[in-house]
Amino acid sequence: MRYLIRRLIWFAVALLGLSLLVFAALRILPGDVASVMAGTNATPARIAAIRSRMGLDRSYPQQYADWLGGLLHGNMGVSAISGRTVASQIGAHAAVTLPLIVLSLLVALGVGIPMGCQAVLAGSPRVRSVLHTIAIVGGAVPALWGGLLLIMLFGRGVGLIGILPSQGFPDAGWHAPRAALISLILPTITTGLVAGAGIMRYTRACLISMEDSDAVAMAMACGMTRRQAMLRVGLRLSAAQLVSVAGLTFAQMITGVMVVESLFNLPGLGAMLINDVGNRDLIAVQSELFLLAAFFLLLGLLVDLMHHALDPRLGEQTQHAGGEGSTHDLGIR
Amino acid sequence: MVQSNGAHGESDATEPDTTIQEGAASGASTDASLNARVKQPDSGHHKPVIWMIAALVVVALIACIAIVNSRSRKTATPTQSDSIAIGIKLAPVSLDIRNQSGSALEQLLIGNVYEALVSRNSNNEVEPGLAKSWTISDDGLTYTFKLNEHMNFSNGDTLDATDVAWSINQLKAKQYYNSDQVENLKQASAPDATTVKLTLSQPDANMLWYLSGRPGLVFDKDAHYDAKTTAVGSGPYLVKSFDSSSKLVLQANPNYWGSAHKARTNTVTVRFLPDDNAALNALTSGDVQVLSPVNANMTGKLKSSGKYTVKATEGSDKFVLAFNCTGAKTSDKRVRQAIRYAINHKEIIASRGGVDAALGGPIPSVDPGYEDLTGLYPYNPAKAKSLMRQAGYSTNHPLKLTLTYANVYGSELGEQLRSQLSRIGIDLNVNTVEFSTWLQDVHTNGDYDLSLVDHAESHDFYKWTQPDYYYHYDNPQVQALYAKALAATDDEDSASYLKQAARIVSEDAPADWLFAYRVSVAQVKGVTGFPSRLSQSVLPLWKVAYTPAKA
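Protein chains in written order, with this note's numbering: chain A, 1 to 333; chain B, 1 to 551.
What follows is the structure, given as structure tokens:
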């Protein structure tokens with residue numbers, strides 16, 4: 001309980017720091033939304049008029065206070081350019097990105113964990129080394145290149161077996177669920193396989209570290225075969241670490257899929273951010289970035305709590321050592 | 001790291017394992033519980049294989065669905081399609097045409113969703129629009145427009161002279177976008193329901209042309225709507241949906257007042273495809289039927305496939321390499337002239353696919369006052385070098401300059417200029433930035449040596465007459481000639497003044513005009529009505545139709 005409360009307090013402090021960081025970082029960017037609206041024909045006087053109409057000539061602390069006040073009331077503001085609320089803008093684009101991430105993660109786990117297990121447990125050393133190579137090569141393939149390859153193979157009209165759409169999202173969005181899902185197949189495979197290779201490597205590493213553990217030896221002493229012991233005991237003991245990896249993969253994907261989204265021309269969060277930064281629509285960008293970063297933090301929090309639930313030993317450790325840093329530091333990032 | 005290999009690992013840990021395996025092979029174990037366990041490793045061994053097979057089956061199923069899907073689509077629609085998709089490069093960021101800059105807004109909305117007092121055709125000439133006729137007083141100060149009758153907006157409201165006068169007076173009062181183009185317009189009034197009278201403070205030869213663009217647009221004075229996300233206009237199309245990161249969907253306006261511009265295609269989807277490769281994929285995979293522009297270097301395959309027509313079309317886009325006329329290093333006319341002599345335009349045009357046209361001055365071929373000025377500064381590196389020597393620079397003692405331009409134009413142009421200018425002793429530092437950064441540093445603050453931008457607008461010579469514009473070009477002679485051109489009530493007189501002014505600007509070398517960008521348009525066979533000129537600024541969608549070839 002004390003752990004939970006301390007964790008939540010740090011979460012709130014981190015959010016506050018985050019808001020300051022996001023606000024300040026964006027003010028360093030040259031250019032502003034007024035000059036973007038005014039365009040290349042505008043006179044300086046016209047730009048100044050737009051600036052004052054939009055309240056951009058107020059002091060930074062005042063702008064920050066306004067924004068933070070809005071956030072506390074759950075109001076993320078209105079985009080200066082598109083006129084839509086930031087919340088609806090994020091919602092519309094997350095409706096593409098989140099399903100893509102979840103599906104990709106399912107593919108990644110579905111491919112990564114069985115193949116990672118196989119890379120340790122396969123009978124033939126040749127199969128094991130081939131699987132190991134696949135994991136390393138797969139993880140090294142840039143998603144952009146993999147996606148291009150998939151388009152050249154399966155993209156409708158351009159690919160060798162052109163059966164799948166490779167550009168855009170259906171006009172009707174999720175009201176046409178089948179078309180929407182089909183348009184996500186290639187992007188999902190692209191991100192899923194690359195992330196899957198990563199998960200495969202972690203699964204393999206976890207299982208290998210379990211191989212010599214007392215728990216597995218004990219299970220085998222009780223009559224399990226090595227394979228059973230590894231899958232039933234070893235994998236289960238690795239679950240906490242794998243959950244961390246999956247959580248972080250999920251978080252990384254939020255930014256990682258942006259490249260894939262732009263390759264497949266999907267109107268996701270990446271396209272939204274690039275557009276809004278390009279237009280210097282700072283009110284929108286700061287709320288969007290804040291929300292994304294808060295989502296990151298929230299995921300970290302959830303992963304930590306889940307980690308805790310899965311591995312009761314951690315409770316003691318953190319109370320004695322007074323820090324939880326070591327438990328989720330798996331050498332990622 | 002030590003890799004334990006299961007059965008061949010430490011002897012004490014694996015001993016039971018090997019016994020079981022031997023037992024499995026012979027089936028000779030006497031322990032029933034051990035025998036019972038024997039089969040499990042086998043089944044466990046197959047699990048991942050089963051999963052893989054399952055995954056393959058799923059993929060195969062999806063593939064089947066996709067095939068069936070695409071087949072069923074192919075057999076349908078032998079006649080004219082009720083929808084068409086067009087791919088363009090730059091997206092408008094909002095639909096607020098009164099406040100938001102961007103040529104894509106004009107291209108997509110004017111004549112399609114909103115209509116102006118007069119309209120413009122694909123030859124850049126003014127034609128009747130909401131007004132069916134007009135007269136101009138002899139002194140050029142009073143314009144009287146006769147409007148069409150029984151006009152209405154898409155929401156059903158009537159459109160009459162009061163809406164027109166209100167729209168134009170609002171433009172002036174609220175200083176909407178491009179209101180400075182019609183500075184000489186004093187006031188609009190509506191003597192009766194079908195007559196609009198405009199009073200000017202001084203004659204303006206460009207007035208009618210400007211009224212065919214944003215300043216002449218007519219809005220519904222009684223309608224309340226969010227102009228950034230929706231539109232209430234009088235044009236042949238309605239905005240069905242708009243998302244600046246993907247597409248604009250237009251639907252034929254069932255209440256359209258006119259018959260001449262009635263929409264031929266019910267739904268027009270305009271997709272925004274900033275990436276050239278993605279755009280080409282969208283065309284070849286059938287997601288769009290027209291691509292404008294298509295990268296001229298990528299059209300080879302399209303042409304040879306026989307399924308597409310590709311055409312380079314004339315427009316008003318000028319790639320202007322501006323030299324800061326008040327900059328520390330570029331205020332020296334010899335330096336500016338040397339740069340113009342040193343640029344090999346043919347080479348640049350050829351590397352872009354060879355479709356763009358050379359342009360030697362500030363007025364494009366589609367505008368009045370155009371004259372071929374490419375002879376003024378022909379490619380002449382020897383002359384460029386001697387001018388640089390006079391200015392005190394050589395290849396051993398190079399002049400350091402920075403070229404600032406927006407990354408949307410790609411990095412090739414900057415690199416080409418750098419290598420061409422290095423031959424005459426200019427060390428060019430190429431700085432590609434985001435468009436907003438360019439706007440701030442170059443356009444607003446005027447802080448630059450060299451800048452490159454595509455000035456897409458037509459009739460924009462006036463920028464050379466405003467010393468505070470980022471060119472910082474100040475020549476009273478040019479300003480006087482331009483004033484005369486505006487005041488002339490005869491079109492030919494006006495054009496001849498413009499011609500003289502443009503020649504002086506080009507001689508003064510405040511910029512180099514790298515080329516007139518000719519937009520390559522690719523369309524699937526069966527598309528008709530897509531304009532072959534000026535499609536970047538005037539895009540009458542009502543004409544466009546698509547009849548797919550029979551499968």
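By construction, the Cβ of each residue, glycine as well, lies at the ideal position given by its N, Cα and C atoms.
State the start and end residues of the unbroken beta strand (DSSP E) segment that holds B:PRO553.
A question about residue 553 of chain B goes unanswered here, because the residues of chain B that appear run from 1 up to 551.
Among B:PRO215, B:ASP468, B:THR144, which has the Cα closest to the Cα of B:ASN169?
B:PRO215
Contacting residues, own chain, Cβ-Cβ under 7 Å from B:ALA511 (five flanking each side not counted)
VAL320, LEU321, ALA322, PHE323, TYR471
What ranges does the alpha helix (DSSP H) occupy inside the region 178–234 of chain B, keeping only unbroken runs of at least 4 residues that lie completely in it?
207–211
By alpha-carbon positions, which one of B:VAL310, B:THR135, B:SER419 ends up nearest to B:ALA342?
B:SER419
On a CA-only basis, which of A:GLY192, A:VAL86, A:LEU21 is nearest A:THR249? Give me that one, please.
It is A:GLY192 whose Cα lies nearest to the Cα of A:THR249.
Relative to the C-alpha of B:ASP138, which candidate in B:ASP82, B:GLN536, B:TYR114, B:ASP204 has its C-alpha closest?
B:ASP204
B:THR229 and A:SER82 closer than 8 Å at C-beta
Contact annotation: B:THR229 and A:SER82 have beta-carbon atoms nearer than 8 Å.
Between the Cα of A:GLN241 and the Cα atoms of A:MET210, A:MET253, A:CYS222, A:VAL259, which residue gives the shortest distance?
A:MET210
Does B:VAL433 come out as helix, strand or coil in the three-state DSSP assignment?
The answer is strand: DSSP assigns B:VAL433 an E or B state.
Quick one, which of A:LEU150, A:GLY168, A:PRO170, A:LEU263 has its alpha-carbon nearest A:ILE161's?
When only C-alpha atoms are compared, the closest one is A:LEU150.
Along the alpha helix (DSSP H) that carries A:VAL111, what are the first and last residues, could you check?
86–121
For A:VAL130, the first and last residue of its enclosing alpha helix (DSSP H)
125–140
So is A:TYR60 buried or exposed if we call it buried at 16+ other beta carbons inside 10 Å?
exposed
Can you say whether B:THR437 is buried or exposed, counting buried as having 16 or more other CB atoms within 10 angstroms of its CB?
buried
Put B:ASN123 into one of helix, strand or coil per three-state DSSP.
coil
Locate the beta strand (DSSP E) running through B:PHE323, then write down its first and last residues.
318–323
B:LEU147, DSSP secondary structure in three states
Under the three-state reduction of DSSP, B:LEU147 is assigned to strand.
Contacting positions in the region 142–161 of chain A - beta carbon closer than 7 Å to chain B:
ILE151, GLY155, ARG156, GLY157, VAL158
The region 266–279 of chain B: positions lying closer than 8 Å to chain A by Cβ:
THR269, ARG271, LEU273, ASP275, ALA278
For B:GLU507, list the residues DSSP reports as bridge partners.
In the DSSP output, where bridge partners are listed per residue, B:GLU507 has none listed.
Neighbour-count burial assignment, A:ARG335, 16 or more Cβ in a 10 Å radius
Residue numbering for chain A in the displayed model covers 1 to 333; residue 335 of chain A lies beyond these limits and cannot be assessed.
Applying a beta-carbon distance threshold of less than 9 Å, which residues of chain B neighbour A:ASN75?
Within chain B, no residue comes near A:ASN75; the closest Cβ sits about 18 Å away, beyond 9 Å.
Residues in the same chain with beta-carbon distance under 6 Å from B:GLY6, minus the five sequence neighbours each way, listed in chain order, please.
Model confidence at B:GLY6 stands at a pLDDT of 41, short of 50, so the residue's coordinates are unreliable; what they give is reported in the following sentence. Correct list: empty, nothing qualifies.
Close beta carbons around A:ARG229, own chain, < 6 Å, minus the five adjacent residues each side:
Per the sequence presented here, residue 229 of chain A reads as Ala, with Arg not at that position. So the list reads VAL216, ALA219, MET220, once near-sequence residues are dropped.
So which residues of chain E does A:GLY198 contact, with C-beta pairs closer than 7 Å?
Of the protein chains in the structure, A and B, none is chain E.
How would you label B:ARG264, buried or exposed, when you count the other beta carbons within 10 angstroms and need 16 or more for buried?
The C-beta of B:ARG264 has 16 or more other C-beta atoms within 10 Å across all chains shown, which makes the residue buried.
So which residues on chain B does A:PHE295 lean against when the C-beta distance must stay under 7 Å?
What A:PHE295 touches in chain B: nothing, since even the nearest Cβ is about 20 Å away.
Using the Cα positions of B:ALA338 and B:ASN380, report the straight-line distance between them to the nearest angstrom.
Taking the Cα positions, B:ALA338 is about 9 Å away from B:ASN380.
Per DSSP, which residues does A:ILE182 bridge with? Please list them.
None; A:ILE182 has no bridge partner.
So what's B:THR77 in DSSP terms, helix, strand or just coil?
With a pLDDT of only 47 at B:THR77, under 50, the local geometry of the prediction cannot be trusted, and no value is derived from it.
Could you check the C-alpha separation between A:ARG280 and A:SER213 for me, to the nearest Å?
The straight-line gap from Cα to Cα measures roughly 55 Å.
Closest to B:THR489 by C-alpha separation, out of B:LEU302, B:PRO254, B:ASN206, would be which residue?
B:ASN206
Per DSSP, which one or two residues make a beta bridge with A:GLY155?
A:GLY155 is bridged to A:LEU164.
By DSSP's criteria, B:PHE242 is part of a beta bridge. Which residues make up the other side?
DSSP, once it has assigned bridges, lists B:LEU248 as partnering B:PHE242.
Starting from B:HIS552, trace the beta strand (DSSP E) in both directions and tell me its first and last residue.
Because chain B in this structure spans residues 1 to 551, residue 552 of chain B falls outside the shown range and cannot be described.
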